[in-house]
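Here the structure comes first, spelled out in structure tokens, and everything after it is commentary.
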Amino acid sequence: AQSVAQPEDQVNVAEGNPLTVKCTYSVSGNPYLFWYVQYPNRGLQFLLKYITGDNLVKGSYGFEAEFNKSQTSFHLKKPSALVSDSALYFCAVRDMGGGSYIPTFGRGTSLIVHP
Amino acid sequence: EAGVAQSPRYKIIEKRQSVAFWCNPISGHATLYWYQQILGQGPKLLIQFQNNGVVDDSQLPKDRFSAERLKGVDSTLKIQPAKLEDSAVYLCASSPTRGTNEKLFFGSGTQLSVL
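Sequence lines, in order, name chains P and Z.
Numbers 40 to 154, taken from my numbering, label the letters of the first sequence in order.
Numbers 7 to 121, taken from my numbering, label the letters of the second sequence in order.
Rendered as structure tokens:
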């Protein structure tokens, strides 16, 4: 069965500092990996995805994520955090083959950026 | 383009009552998903439709939950009778196809409180 782990319930960072939100995954085949962001009282919005190719993926609002196959990780990063980045972030995985096709989400990480 | 529409936005009911949620996906999207998001947890897939057929409903509590997408466009999720533990946000999402590299487009959700 596929699964996603987001080990931190909350990440705190000062505005202007770099941020990292961690995600590890488990699939039987090769993964498609996604990051979504959820602002209060809103649905999830797509940020970026890894399908194949370059391990560093760039997405919306200056976010990027690095795929590391040996560590089965897909950490979300941003060089300089903004207060407006404060939100819930969800990592999701889909199995390319040999497993479930349904998207599985992690439990989410609350990012708080302090002025 | 118009996004995924959901209604109602909020619903408060007493346990053992019935409730229904409505979703209209993005025009042309063949795949529709219903997710349950309990406070502090990531979204959990309840059911996935491809056009008007069910692809996966393995996590749908079929003794009380039902869903339909009769014409392959909009969809209704029903709970009958509701339990306290059904309090959650119900998210509808759609994608052009069921391809595993597809991102999902989410609605704003229906927040259900069961008293």
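Even for Gly, the Cβ is constructed at its ideal location relative to N, Cα and C.
Mark residue 53 of chain Z as exposed unless 16 or more other C-beta atoms lie within 10 angstroms of its C-beta, in which case mark it buried. Numbered from its first residue, the second sequence carries residue 53 of chain Z at position 47. Its Cβ being crowded by 16 or more others within 10 Å, residue 53 of chain Z is buried.
Counting only the same chain and skipping the five closest in sequence on each side, list residues whose C-beta sits under 6 Å from that of residue 64 of chain P. The sequence position of residue 64 of chain P within the first sequence is 25, counting from 1. 43, 70, 111 and 132, listed in sequence order.
Measuring CB to CB, does residue 126 of chain P end up less than 8 Å from residue 58 of chain P? Translated into positions along the first sequence, residue 126 of chain P becomes position 87. Translated into positions along the first sequence, residue 58 of chain P becomes position 19. No; because the gap between Cβ atoms is not below 8 Å, this pair is not in contact.
Residue 29 of chain Z and residue 81 of chain Z - do their beta-carbons sit closer together than 8 Å? Here residue 81 of chain Z refers to the residue found at position 75 of the second sequence. Here residue 29 of chain Z refers to the residue found at position 23 of the second sequence. The answer is yes: Cβ separation under 8 Å.
Reduced DSSP category for residue 80 of chain Z - H, G, I as helix; E, B as strand; rest coil: As a working mapping, residue 80 of chain Z is identified with position 74 in the second sequence. Assigned with DSSP and collapsed to three states, residue 80 of chain Z falls in coil, not helix or strand.
In three-state DSSP terms, what is residue 10 of chain Z? Here residue 10 of chain Z corresponds to residue number 4 of the second sequence, with the count starting at 1. Coil, per DSSP.
For residue 68 of chain P, the nearest candidate out of P/154, P/113, P/40 and P/153 (CA to CA): Looking up residue 68 of chain P in the first sequence gives position 29. Taking each of P/154, P/113, P/40 and P/153 in turn and checking the Cα distance to residue 68 of chain P, the smallest one comes out for P/40.
At a Cβ cut of 8 Å, what residues of the stretch 84-118 of chain P count as close to chain Z, listed as they run along the chain? 84, 85, 88 and 90
Nearest to residue 80 of chain P by alpha carbon, out of Z/119, Z/121, Z/113 and Z/23? Position 41 of the first sequence, counted from the start, is the residue given in the question as residue 80 of chain P. Here the closest residue by C-alpha is Z/113.
By the 10 Å Cβ neighbour count, where 16 or more other Cβ atoms means buried, how is residue 100 of chain P classified, buried or exposed? For this step, residue 100 of chain P is matched to residue 61 along the first sequence. Exposed, since its Cβ has fewer than 16 Cβ neighbours within 10 Å.
Go ahead and pull the three-state DSSP assignment for residue 54 of chain P. The sequence position of residue 54 of chain P within the first sequence is 15, counting from 1. In the structure shown, residue 54 of chain P sits in coil (DSSP, three-state: anything other than H, G, I, E or B).
Starting from residue 105 of chain P, follow its DSSP beta bridges and name the residues at the other end. Position 66 of the first sequence, counting from 1, holds the residue named residue 105 of chain P. Its beta-bridge partners are P/95 and P/114.
Identify, in the order they occur along the chain, each residue of the same chain with its Cβ nearer than 7 Å to the Cβ of residue 95 of chain P, setting aside the five sequence neighbours on each side. What you label residue 95 of chain P is simply residue 56 of the first sequence in a count that begins at 1. For residue 95 of chain P, where only same-chain residues beyond five positions count, the Cβ hits under 7 Å are 103 and 105.
Under a Cβ-count criterion, where at least 16 other Cβ atoms within 10 Å of its own Cβ denotes burial, should residue 86 of chain Z be classed as buried or exposed? Here residue 86 of chain Z is taken as the residue at index 80 of the second sequence, counted from 1. With fewer than 16 neighbouring CB atoms inside 10 Å of its own CB, residue 86 of chain Z falls in the exposed class.
Once DSSP output is grouped into helix, strand and coil, what is the label at residue 123 of chain P? Residue mapping note: residue 123 of chain P aligns to position 84 of the first sequence, counting from 1. Of the three classes helix, strand and coil, the one that applies to residue 123 of chain P here is helix, per DSSP.
Terminal residues of the beta strand (DSSP E) in which residue 26 of chain Z lies: Working through the second sequence from its first residue, we reach residue 26 of chain Z at position 20. Taken as a continuous stretch (DSSP letters only), the beta strand (DSSP E) holding residue 26 of chain Z covers 25-30.
What separation, rounded to the nearest whole angstrom, lies between the Cα atoms of residue 89 of chain Z and residue 45 of chain Z? Position 83 of the second sequence, counting from 1, holds the residue named residue 89 of chain Z. Position 39 of the second sequence, counting from 1, holds the residue named residue 45 of chain Z. About 16 Å.
Along chain Z, in chain order, which residues have C-beta atoms closer than 8 Å to that of residue 55 of chain P? Walking along the first sequence from the start, residue 55 of chain P turns up at place 16. Those do not exist, as residue 55 of chain P stays about 29 Å from chain Z at its closest Cβ, beyond 8 Å.
With residue 62 of chain Z as the anchor, note down where its beta strand (DSSP E) starts and where it stops. Here the question's residue 62 of chain Z lines up with position 56 in the second sequence. Start and end: 59-62.
Three or more beta-carbon pairs under 8 Å between the stretch 23-40 of chain Z and the stretch 103-110 of chain Z, yes or no? At 8 Å Cβ cutoff, the stretches touch.
Same chain only: Cβ atoms within 8 Å of residue 145 of chain P, ignoring 5 sequence neighbours per side: On the first sequence, residue 145 of chain P is found 106 positions in, with the first residue counted as 1. Here the set comprises 43, 44, 45, 62, 129, 130 and 131.
How long is the line joining the alpha carbons of residue 10 of chain Z and residue 93 of chain P, rounded to whole angstroms? Taking the second sequence and counting its residues from 1, the one referred to as residue 10 of chain Z is at position 4. Taking the first sequence and counting its residues from 1, the one referred to as residue 93 of chain P is at position 54. Roughly 31 Å separates the two Cα atoms.
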